[in-house]
Structure formats: structure tokens, C-alpha cells
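Mapping of the sequence shown onto the working numbering: position 289 corresponds to residue 289, and the numbering continues sequentially without gaps. Where is the CB? At the ideal position from N, CA and C, for every residue including glycine. Note that the coordinates shown come from a computational prediction; the quantities given were computed from them, not determined experimentally. Comments concern the structure below.
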Amino acid sequence: MITMKGIAASNGYAIGPAFVYNPQTVEITDKKVKDTQAEWTRLSVAVDTAIKQLEASYENALNEVGEETAAIFEAHMEMLGDPELLDTAKEAILDEYLNAEAALHRTAEAFAVALEGMDDEYFRARAADIRDVTHRVICIMNGVDNSQLFSALKEPSVILAPDLTPSDTINLNKSLVLGFCTGTGGPTSHTAILARTLGLPAIVGAGMKILEVHTGESMILDGRNGDLIAQPDPETLAIYKVRQENWNKFCEEALKIAKEPAITRDGHQVEVVANVGSVEESEQAIQQGAEGVGLLRTEFVYLGKNHLPDEDEQYQAYKSILDVFGQRPVVLRTLDIGGDKELPYLKIAPETNPFLGVRAIRLCMQQPELFKPQLRAIIRSGFGHNLKVMFPMIATVPELRAAKKIMQECRAELEAEGKPLPAKMEIGIMIEIPSAVMLADHLAKEVDFFSIGTNDLTQYTMAADRTNPGVSYLNDALSPAVLRLVSRAIEEAHKAGIWIGMCGELAGEPVAIPVLLGLGLDEFSMNAPAIPLAKYIIRQLSLEKCQQIAKKALEMCSCEDVVQYVQKELPITNQG
Ligand code: PEP
Ligand code: MG
1 MITMKGIAAS NGYAIGPAFV YNPQTVEITD KKVKDTQAEW TRLSVAVDTA IKQLEASYEN
61 ALNEVGEETA AIFEAHMEML GDPELLDTAK EAILDEYLNA EAALHRTAEA FAVALEGMDD
121 EYFRARAADI RDVTHRVICI MNGVDNSQLF SALKEPSVIL APDLTPSDTI NLNKSLVLGF
181 CTGTGGPTSH TAILARTLGL PAIVGAGMKI LEVHTGESMI LDGRNGDLIA QPDPETLAIY
241 KVRQENWNKF CEEALKIAKE PAITRDGHQV EVVANVGSVE ESEQAIQQGA EGVGLLRTEF
301 VYLGKNHLPD EDEQYQAYKS ILDVFGQRPV VLRTLDIGGD KELPYLKIAP ETNPFLGVRA
361 IRLCMQQPEL FKPQLRAIIR SGFGHNLKVM FPMIATVPEL RAAKKIMQEC RAELEAEGKP
421 LPAKMEIGIM IEIPSAVMLA DHLAKEVDFF SIGTNDLTQY TMAADRTNPG VSYLNDALSP
481 AVLRLVSRAI EEAHKAGIWI GMCGELAGEP VAIPVLLGLG LDEFSMNAPA IPLAKYIIRQ
541 LSLEKCQQIA KKALEMCSCE DVVQYVQKEL PITNQG
């Protein structure tokens, strides 16, 4: 029996034979070429071949698995069509006499590293795409084809791989996957996101020794604590079989009642809603019991394009999501881009400290030609729906007033044009900067609701870049420092008579739920697959007990103490 440890990336247990997927790679070395023009032609031809392959894969995926998966190939085609990518590689060939593989690889790495440094999960996931699609081109240049490797997968198995790229997983028959384990990658890698979306257990970052396992060997994958066990002894196997059975039963039960409200044992009801960024995610959210949307990330409309989407394009995109939710509440966040998040068609000056720079509402206020079409599209799309709007990264009262003024101007313009508009639209702000917490009493008088963004609130409170692994130990939203800010924001919201939600990752964390309930949070917004468990947990709790727990948690001096204390008080969060 061999136990290996990785990062728990998606909940649950997988037990079954291993399937080792170890695609052939092309070693890339820098070489000097003489005929640079021929080398550039070699690259261009491979790019053309890759685009043809992608077109075919797009059509296949569209027919077989649907639009969402097919969109990956479309995005890859767009990446290969990006003149910046190929021009940079071309320059390296023509000016530095570099071989095509090295030139493309170096360019792609620079793009990918820039994407990985971004705080938005969506952008970080695009880093895998850029590596993936350029690797495809490099493989074509070297006659390597990995597309058939997954055809050897014939029985339900635990997939072990160095890493899984988006196009690797396209060729994978998902019905034969019990779970995933990758040697590299972090909690936001493509594999982790895919596993959570599919509801399959997963471990990432387990190291390359996992590839020493042989296909067919018996495996246990514990996605709850990151243990991967090869050739388990009969006792261990029996223990895990019971754990798996309990966990699966528990999830089935939780899902069966996911559409019912989240009411504590003593009758306190909270809203449980989803964070979404596409129509597909929205449909999934309804199935998982979302009562609406607490965070609609509008960045999706702007990404994967080479032009700024116009008002009508945006209107259609927002409307298509609102239609999924009918009359359920949907909180839409205005554009949260800038600083480290780039759009190719948006010129933003480089900044030394992008997280502290011209981001989100700051950028929108500086570029009304960017902001106004979005606001007009939002207001129009709200007609016939329960749409609420919130501004990200609000730090001061004048900033909020200025944003609201532009919103009013847009509404007046639309009224004058005779467009059908919603009668009332709630306006709120994200509470994700400590100054907003300190000014929460003033801000609360100017809005209808708050939504706490713990991802940013934590990084700004702890002065720890949320994308920097070197300081990840500081980026824990259960730190009493952050909890005290959350508590104050909730208190001020309620004093002013407005509701307050949370759309940062903390809202969906089982161990945080009792604390947040006890602090008085009204709305919990999370990734859809987390909803059934969150609702289940809420139903097991009593508000009174949670209030006691929250009070104590605020007095603790570290996040470790908070976690230990809550888990001791409420073993329900260890279910399974
Ligand atoms: C947050 O900061 O908590 C949040 C929800 O916004 P994002 O992660 O998109 O910055
Ligand atoms: Mg944020």
C-alpha cells in the first residue's frame, strides 16, 4: 500500500482501477536556424493545421457534448488567430534566428504567466488554454499525436495524469471517470475546475510519482483530504468503501432537497444563491438549488473577443442569463477588469501595483465610453426580471455617488428613447476594500444592499496578494481580522435596514457557514455545486447556537483556532 498526498481539489471518494494518462511531450530546446523564412513558414503551416483540427473538434463537440465544451475549441482557434501571439513568435524567429518551437513556446509562456498572475479564476484558467493550444502546434510540427490515448480507457477508472489540458479532457469519456489526480496544478487549475463542475472527486499537485502507478492497479482517491492510495490493503479498502457510501448517500440526500429553502432548526431563513458567468452555469445552478444569483460576473461578455462588445451584444448576453432565472433575483456586477486583468482591445497603461491600481469601478469611471454602454445594456435587460446591480471595488462615498449618477443618466437617456425599462432596480456595492467596511454606515444610506467579496477583502486586509503562493498562508478569509470586518459590515447594513450577502469563496465553505449565519448574513452566494451541501448544513444548525459560535470566533486570535473550534462544536461539517 502506497499513500501519496496532494491538494484536495474536489470533494468525494473514488475507488477503482487506475488509468495512467501520460501523453508524449516534445522536448523544446532553443536552436539557431539559418533559414528564418522557412522556419516561419513551418510554424504558419502547423498553425493552419491546428486550426483545421480545432474546427473539426469544435463541430464534433457541438454535436456530441454541447456548446459549452465546444466553446473551448472556439477559444483556442481565437487564440491562434491572435496576431499578438504569432507576431511575437515571428519576431523571435526572424530577429533572433530562433527555432519555431522555442519561439512559440517562449511567447506562449509569457502570455500564460501574465494570465496566471490575474486574480480572476476565469483568466487563470485561460493560461492552461494558451499552453494547450500552442503545445498542439508544437506537436504537429514534430509529428506527435496524443488524441487517441484516451481510447484505451474502457472501464470506470481513477485518472492519473501529469496535468490535464482542456483538449486532453475533451477526448475523455466522462462516464468512465471515477475521479482525477494530477501531478501538477493548484486548486484553480483546469482539472480542479472541471472536476468540481462534473461533481467528481479530485486531487491536484500530487507530484510526478503518481505516474509510477500502473494502469489497472487498485486505487483510492480521497478528494476530501488529498490522499491518494495505491494498492490499498483490504482493511483500508473496507474503511474507504464505507466512507464513500456514506458520502454518496449524504450528497444524494442533499441534492434531493437542494431546491427546498435553507431554514435553520429554529426557523431562521437565509437565501442561498449562485455565482455564475454563463448560461450553462446558470442552468446548472437551478438544478443544484440556487434561489437566484448573488454574483453574475459580467466579464464573460468581454472575454474571448477581439472587440469591445456593443450595447446590443451585451443586452442579449445578460438577457439570456436572466431568462434562465425568470423572476428569481439576479445580482449583476458591473465590469471588474483592469489592473492585472487585460482585454486585448482595451488599452490600459502598465501599473507597478495593479491590484492597487485602476481596476473595476475606477477604470469604468475613467472610461465612460466603456461604462455607459454596459449600464444601458444592464438597465434594458432588467425589464421583466428581478435584476439588481452592484458596483465592484467601491472605496469611498463620492465614488459610489458618481457611479450612481452615471447610472441615472443612462436610465434617463433610455427613458427619453422610449425603451421599456424595469420600474425599480436595487443598487448595491461589493464590500471588498477595508475602507468600505469602515465607511459602511455612510455607504449603507446610499444603497439597497451590500455583498461582501471576501477574496479581495482578505487580500487587502492582510496585505497579501491573492495570486502569490508565497503569502497564501495569510490569505485565509477565516482569519479573525477578516471576520471582524465582515461582522462590522453586517452590523452596519442591518442598522441601516438593508440586506447583506456574501459572494466571496468563504460563503460556500462548510466550516464558515455557522459563523456567517451567526454573524447575521442574509444571503450566501457560491459556486453552484457547493449549494446542496451548504443548504444541508444550514438546515442542521440553530441560529442561536451559531450566534454563540460567531461571538467566540471573533475573539479567537488565528484562523486555525477558528477552524478547530467550529469543527469541534459542529461535527456536521465533517459529514461522510
Ligand atoms: C471577491 O473579491 O470576493 C469577489 C467575489 O470578486 P472576485 O473574486 O471576482 O474579485
Ligand atoms: Mg473582488
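Option in 292, 137, 391 with minimal Cα separation from residue 259 = 292
ask   = If you measure from each residue's Cβ to the nearest non-hydrogen atom of ligand 2, which ones come out under 5 Å, in chain order?
value = 432, 453, 456
task = Give me the Cα-Cα distance between residue 207 and residue 125, rounded to the nearest whole angstrom.
result = 20 Å
ask   = DSSP three-state call for residue 13: helix, strand or coil?
value = strand
query = Is it true that the stretch 140 to 154 meets the stretch 45 to 64, where meeting means three or more beta-carbon pairs spaced less than 8 Å apart?
reply = yes
task = Would you check if the distance between the CB atom of residue 553 and the CB atom of residue 562 is smaller than 7 Å?
result = yes
key: Distance between residue 35 and residue 10 (C-alpha atoms, nearest Å)   = 49 Å
ask   = Does at least one heavy atom of ligand 1 sit under 6 Å from the Cβ of residue 504?
value = yes
ask   = Is residue 524 helix, strand or coil when you go by DSSP?
value = strand
ask   = Quick one: what does DSSP say residue 388 is sitting in, helix, strand or coil?
value = strand
Local Cβ density within 10 Å of residue 574, reported as buried at 16 or more and exposed below that = Model confidence at residue 574 stands at a pLDDT of 49, short of 50, so the residue's coordinates are unreliable and nothing is read from them.
inquiry  = For residue 271, list the residues DSSP reports as bridge partners.
reply    = 523
ask   = Comparing alpha-carbon positions, which option in 102, 22, 370, 94 lies nearest residue 29?
value = 102
inquiry  = Helix, strand or coil for residue 451? Go by DSSP, reduced to three states.
reply    = strand
key: residue 569 versus residue 353: straight-line alpha-carbon distance, rounded   = 41 Å
request  = In angstroms with no decimal places, state the Cα-to-Cα distance between residue 57 and residue 70.
outcome  = 8 Å
task = Note down, one range per segment and in chain order, each alpha helix (DSSP H) of at least 4 residues found wholly within the stretch 323 to 389.
result = 360 to 366, 368 to 381
query = Expressed to the nearest angstrom, what Euclidean distance is found between the alpha-carbon atoms of residue 79 and residue 127?
reply = 11 Å
message = If you reduce the DSSP assignment to three classes, tell me which class residue 141 lands in.
response = helix
Ordered list of beta strand (DSSP E) runs contained in the stretch 490 to 560, each at least 3 residues = 499 to 502, 523 to 526
query = Helix or strand or just coil, what does DSSP make of residue 3?
reply = strand
request  = Pick out whichever of 459, 13, 565 has its Cα sitting closest to the Cα of residue 244.
outcome  = 13
Counted within 10 angstroms of its Cβ, other Cβ atoms place residue 492 as buried (16 or more) or exposed = buried
ask   = Can we say the stretch 493 to 506 touches the stretch 246 to 254, given the rule of at least three CB pairs closer than 8 Å?
value = no
ask   = Is residue 527 buried or exposed, if buried means 16 or more other CB atoms sit within 10 Å of its CB?
value = buried
task = Closer than 7 Å by C-beta to residue 199: which residues in its own chain qualify, once you throw out the five before and the five after it? Chain order, please.
result = 529
query = Does DSSP classify residue 431 as helix, strand or coil?
reply = strand
task = Along the alpha helix (DSSP H) that carries residue 233, what are the first and last residues, could you check?
result = Careful: residue 233 lies outside any alpha helix (DSSP H) and carries neither H nor E.
message = Rounded to the nearest angstrom, what separates residue 385 and residue 302 at their Cα positions?
response = 23 Å
task = Could you pull the start and end residues of the alpha helix (DSSP H) that residue 401 belongs to?
result = 397 to 416
request  = Please determine, among 390, 136, 374, 18, the residue with the shortest C-alpha to C-alpha distance to residue 152.
outcome  = 18
query = Is residue 161 helix, strand or coil when you go by DSSP?
reply = strand
request  = Could you spell out where the beta strand (DSSP E) holding residue 203 opens and where it closes?
outcome  = 202 to 204
query = By the 10 Å Cβ neighbour count, where 16 or more other Cβ atoms means buried, how is residue 444 classified, buried or exposed?
reply = buried
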